[in-house]
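This note's numbering applies: residue 181 is where the sequence shown begins, and numbers increase by one.
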Amino acid sequence: MVRFTALDGWRGLAAVLVALYHLGLAGHFYTWGMVRNSWVFVDFFFVLSGFVLAYGYSAKLHDRGGVAKFIVRRFGRLWPLHIFTLLVLLALEVIKYFLLDATRLPVGEIPFESRRSIPALFSNLILVQGVGFFDSWTWNGPSWSISAEFYTYILFAGLFLYFSKRMGWLCAGVSLVAGTLLMLLYFYFDVSEFRVSLVRCIFEFFAGVSTFYVYDRIKGRVWNFYGLEILLVVALVGLMSTLPAEALFGSATPFFCAIVLVFAFEQGPISRFMSSKWVNRLGLYSYSIYLTHYLVIVLVNASSRVGERLFHISLREWVVVDGKGNDVLTAGGPWVQDVLALLVIALTVAVASQTYKFVEVPCQAYFNRLAERIPVRGRGARQDDRLAGLAIEAPNVAGQP
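Structure (structure tokens):
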């Protein structure tokens, strides 16, 4: 079965960059423009998700049974790990509540208020936290995008069910309309990026679906993308390292479509690197990296507060506030902060390897079994499930300008 190993590697490295983006450690990683703009990889993952799901399911969404199977599989892909991280954060919030009341240990934000309110908790339980009800992230910050993506999946399946013969042009049209609406809402009407998350996802996901149709049309021809791979990567690093966040919002999508299209052919030296064992291992864990890195950061921050109290020290004198109001630790200088960042990333990957093994894999198997019980009629039932051999399940890497 076909597996896009280079694209799999791309998503692994992108997930690590997003984790670095969220670390408030003032080292060289933090100040590098590439990392400071790594929030934009959420656009890349939406595009990649559209491409891969169009490849895997374009022949299987021609009746209601096929659509039901698809939705059950997608729900089983996104929801279990999300609920696991949510329950861990809920337990930490309960612990914080009792610590605040009984010991007066420093706990940061007041428990069960603001972004971790009870209404926000229920919205996360039913996956509606990222479809426009809130002006900012709630609970597990990165999870806003899996909410937007789940409902985009439903739109995708519905369009395939009724318009399968015209999906190429229709998906391009949906992406164009959603992209235009996104630009108007965000730049002209100044709507919060979290209020337009669903529109943003639809724009980029269907751009990815359109990219699949281009790939499907040209894949049988002879192409040489060796030099283009290098050019695209150099351009990506240059643009993300120098452009302001506002310039990247939405406008990076066509560029990511080009990356997905070129690297799907896996012809150049960068594809070989992206297909290597360890980079692909990151790709395998990428959804867990994406959803657990915020949890790891929360645990590290909580541990530092407890350490401050136990050892009678204060880190506040080494904390500065960046331009977006985030606390950034400067203790020990940039090289020390770089080492700390690498340690946190290593811890995140270690945690992700375990949540992949004990949460993702068994839960996906369970929901796949449920999907198999749904009867399917028509030509979709006679097709092999091409997605079964793909390791690409594009995580919705969180971040915002």
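All residues carry an ideal CB built from backbone N, CA and C; glycine is no exception.
For Leu522, is the beta carbon positioned less than 6 Å from some heavy atom of the ligand HEM? Of ligands this structure carries none, so the ligand HEM is not represented either.
Coil, strand or helix - Leu193 by DSSP: helix
Which residues in the same chain have their Cβ closer than 8 Å to the Cβ of Lys249, if we skip the five residues on either side of it in sequence? Lys240, Ala551, Glu552, Ile554 and Val556
Residues bridged to Leu187 [DSSP beta-bridge criterion]: In DSSP, Leu187 forms no bridge with anything.
How would you write the range of the alpha helix (DSSP H) that Trp324 sits in, first residue to last? Trp324 to Phe343
N-terminal and C-terminal residue of the alpha helix (DSSP H) that Trp403 is part of: Counting along the chain, Trp403 falls outside any alpha helix (DSSP H), and DSSP gives it neither H nor E.
Can at least three beta-carbon pairs, one atom from the region 507-519 and one from the region 532-551, be found at a separation below 8 Å? no
Within the same chain, show all residues whose beta-carbon is closer than 8 Å to that of Val215, passing over the 5 residues directly before and after it, in chain order. Leu197, Leu200, Tyr201 and Phe209
Does the beta-carbon of Ser455 have 16 or more other beta-carbons within 10 angstroms, so that it is buried, or is it exposed? buried
Would you call the CB atoms of Ala358 and Cys437 closer than 7 Å? no
Can you list, in chain order, the residues of its chain whose CB lies under 6 Å from that of Asn304, leaving out five sequence neighbours each side? Leu266 and Trp319
If you drop the 5 nearest sequence neighbours on each side, which residues of the same chain put their C-beta closer than 7 Å to that of Tyr395? Leu441 and Ala444
Count the other C-beta atoms from every protein chain shown that fall within 10 angstroms of the C-beta of Thr360, then say buried if there are 16 or more, exposed otherwise. exposed
Does any residue of chain D bring its CB to less than 7 Å from the CB of Phe250? Going by chain labels, chain D is absent from the structure shown, which holds only one protein chain.
Alpha carbon to alpha carbon, how far is Leu258 from Ile326? 7 Å
Cβ neighbour criterion (16 or more within 10 Å) applied to Ala427: exposed
Between which two residues does the alpha helix (DSSP H) carrying Asn304 extend? Ile298 to Leu305
Would you kindly work out how many angstroms separate the C-alpha atoms of Leu261 and Gly338, rounded to a whole number? 25 Å
Does DSSP classify Leu205 as helix, strand or coil? strand
Quick check on the burial criterion: 16 or more other C-beta atoms within 10 angstroms. Buried or exposed for Ser483? exposed
Smallest Cα separation from Arg295: which of Phe278, Phe313 and Gly430? Phe313
Where do the N-terminal and C-terminal ends of the alpha helix (DSSP H) with Pro291 fall, by residue? Taken as a continuous stretch (DSSP letters only), Pro291 belongs to no alpha helix (DSSP H), as it is neither H nor E.
Look at the Cβ atom of Leu462, then the Cβ atom of Gly245, and state whether they are nearer than 7 Å. no
Which listed residue (Phe264, Ile263 and Tyr237) has its alpha carbon closest to that of Ile584: There is no way to answer for residue 584, as the model of the chain reaches only from 181 to 581.
When you compare the CB positions of Val376 and Leu365, do they come within less than 7 Å of one another, or not? yes
Starting from Arg452, trace the alpha helix (DSSP H) both ways and give me its first and last residue. Pro449 to Met454
Can you tell me which of the three DSSP states His473 falls into? helix
By Cβ distance, which residues of its chain are closer than 8 Å to Trp212, with the 5 residues on each side in sequence left out? Ser421
Please look up how many angstroms separate the CB atoms of Val268 and Leu475, rounded, as I've assumed it's under 8 Å. 6 Å
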